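Position one of the sequence shown corresponds to residue 33 (the numbering used here), numbered consecutively onward.
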Amino acid sequence: MDMSSIWKERAALHQKKMARYLKYVFNDHFMLVVVILLGAAILGYADWVKSLSESFSLGKWLAVVVLFMSLFIGKVATLIEPPDAVFLLPLEKQISPYLKKVILHSLMLPGAILAFVTALIMPLLAVTAGIPFVFFFYFYGVLLLVKVLDLMLQVVQLRQLSSERHIQLKALRVGLFLSSVILLIVTPIMISLPMILALFAFVSWFMTATTKQFELLNWEKMVTTEQHRMHRIYQFINLFTDIPALKGKVKRRKYLDPLLGWIQVKNAQTYLYLYARTFIRGNEYSGLYVRLTGIAMLVSYFNEQFYLTLFISALLIYLTGFQLLPLRQHHEDMIFTHLYPTAEQFKGQALQRLMLILLVVEALFIAVASLFTLTFVQAGLLLGVNLCVALLFALFYVPNRMKK
Numbered sequence: 033m034d035m036s037s038i039w040k041e042r043a044a045l046h047q048k049k050m051a052r053y054l055k056y057v058f059n060d061h062f063m064l065v066v067v068i069l070l071g072a073a074i075l076g077y078a079d080w081v082k083s084l085s086e087s088f089s090l091g092k093w094l095a096v097v098v099l100f101m102s103l104f105i106g107k108v109a110t111l112i113e114p115p116d117a118v119f120l121l122p123l124e125k126q127i128s129p130y131l132k133k134v135i136l137h138s139l140m141l142p143g144a145i146l147a148f149v150t151a152l153i154m155p156l157l158a159v160t161a162g163i164p165f166v167f168f169f170y171f172y173g174v175l176l177l178v179k180v181l182d183l184m185l186q187v188v189q190l191r192q193l194s195s196e197r198h199i200q201l202k203a204l205r206v207g208l209f210l211s212s213v214i215l216l217i218v219t220p221i222m223i224s225l226p227m228i229l230a231l232f233a234f235v236s237w238f239m240t241a242t243t244k245q246f247e248l249l250n251w252e253k254m255v256t257t258e259q260h261r262m263h264r265i266y267q268f269i270n271l272f273t274d275i276p277a278l279k280g281k282v283k284r285r286k287y288l289d290p291l292l293g294w295i296q297v298k299n300a301q302t303y304l305y306l307y308a309r310t311f312i313r314g315n316e317y318s319g320l321y322v323r324l325t326g327i328a329m330l331v332s333y334f335n336e337q338f339y340l341t342l343f344i345s346a347l348l349i350y351l352t353g354f355q356l357l358p359l360r361q362h363h364e365d366m367i368f369t370h371l372y373p374t375a376e377q378f379k380g381q382a383l384q385r386l387m388l389i390l391l392v393v394e395a396l397f398i399a400v401a402s403l404f405t406l407t408f409v410q411a412g413l414l415l416g417v418n419l420c421v422a423l424l425f426a427l428f429y430v431p432n433r434m435k436k
């Protein structure tokens, strides 16, 4: 079996696995929230751009920062597995076709994101810098080539490099991003185009020289890099469904023990303590809760439109509760939870109570953040509506969901 056939087989298996998981990610609830949040963000961005003029000199540099950061999105997906370090080692000299397909496969997602970000930036550049929208094709073409070179650099970094050359490649990657974006936006096209082409030629030459000097691949690094990439993907998918391949990290967090002091030591609150302790120690739930609460607070802090803040914060509270529902099944595989003499009804009551506390706390934080942009009365109304959402979710939605 040649390397092209190996890639074809692995890519098919990978796509099949991702399709099985992604159907849980892109469910009705998630897509509804994403569409509403994205629509609200684009509407707010459009209103902000309309209020600008060419006197806003920071427009170009804001575009530079956004495009520069967007180029870091997208890691090379080798689909290399741990046994490959042994079984594919004899085929190392034939791996070139495999790596070419890796680069093309890895380009799809960042290519789509770059198209979206570039289209989003063009109105800002049109208003503040007088750059016509037709330049979108030029900008996107250059950024896409930059991303191709970036993926090629990432592949080169998988070789057995010296520490000095590894640092040089990292610096070259950042320099490629920054130089390309600045030349693209700040410099006129007649000057920027030849300079960008010269930059591309230099990067290509440096990669070729590195490949000739360091011929052998670092298989251990290839395996660990791919494992880290898949771990990040599984962490995201795990917000929506259980991933057998993902092992959550547990931390003691002794400093948070006082938060559990209100739970009484009695049979009826056994599961309340268990769920609360799981929430505090496990990164899957506490990290998710902190991130969603932080997003809701930022929206409330920066958005001056009361009804939009009200709608988005209520949606985020609902989404927070929905993403915490798997906590109910977290310990079902442990035999001790079934042997312990605790009535089944206490499980549901414990989850409802914990969910209510968490969502009420989130609503309070959102209300405090909104005081910086809304009036006291509006912040009070925001708190009241969000508390109603928390109550309805914990007292009615959670028990109905657990029956399914």
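C-beta atoms are modelled at their ideal positions from N, C-alpha and C, and glycine is treated no differently. Values in this document were obtained by computation on a predicted structure and should not be read as measured data.
- Beta-carbon to beta-carbon, Leu249 and Glu113 are separated by about 14 Å, too far to satisfy the 8 Å threshold.
- Within the DSSP bridge table, the entry for Arg205 names no partner.
- In this structure, the CA atom of Phe234 is about 38 Å from the CA atom of Leu84.
- Sorting Pro226, Ala346, Arg42 and Leu231 by C-alpha distance to the C-alpha of Val206 places Leu231 at the top.
- For Arg433, the secondary structure class from DSSP, reduced to helix, strand or coil, is helix.
- By the Cβ neighbour-count rule, Gly353 is buried, with 16 or more other Cβ atoms within 10 Å of its own.
- By DSSP's assignment, Arg191 forms a beta bridge with Leu249.
- By the beta-carbon neighbour count (other beta carbons within 10 angstroms, threshold 16), Val67 is exposed.
- Taking Phe100 as the centre and dropping the five residues before and after it, the same chain places the C-beta of Phe209, Leu210 and Val213 closer than 7 Å to its C-beta, in chain order.
- A contact between stretches requires three or more CB pairs, one per stretch, nearer than 8 Å, and the region 251–266 fails this requirement with the region 293–305.
- Sequence-distant Cβ neighbours of Gly71 in its own chain, meaning closer than 8 Å and more than five residues away, do not exist here.
- The DSSP-derived three-state label of Gly162 is coil.
- Counting along the chain, Thr219 sits inside no alpha helix (DSSP H), nor does DSSP assign it H or E at all.
- In the structure shown, the three-state DSSP call for Gly314 is strand.
- When secondary structure is reduced to three states using DSSP, Lys55 falls in the helix class.
- By the neighbour-count definition (other C-beta atoms within 10 Å, threshold 16), His263 is an exposed residue.
- The Cβ-Cβ distance between Gly106 and Leu183 falls below 9 Å.
- Within a 10 Å sphere around the beta-carbon of Ala395 sit 16 or more other beta-carbons, which makes this residue buried.
- Per DSSP, Phe354 is one residue of the alpha helix (DSSP H) stretching across Phe338 to Leu356.
- Beyond the five residues adjoining it in sequence on each side, Gly143 comes within less than 7 Å, by CB distance, of Leu176 and Lys179 in the same chain, given in chain order.
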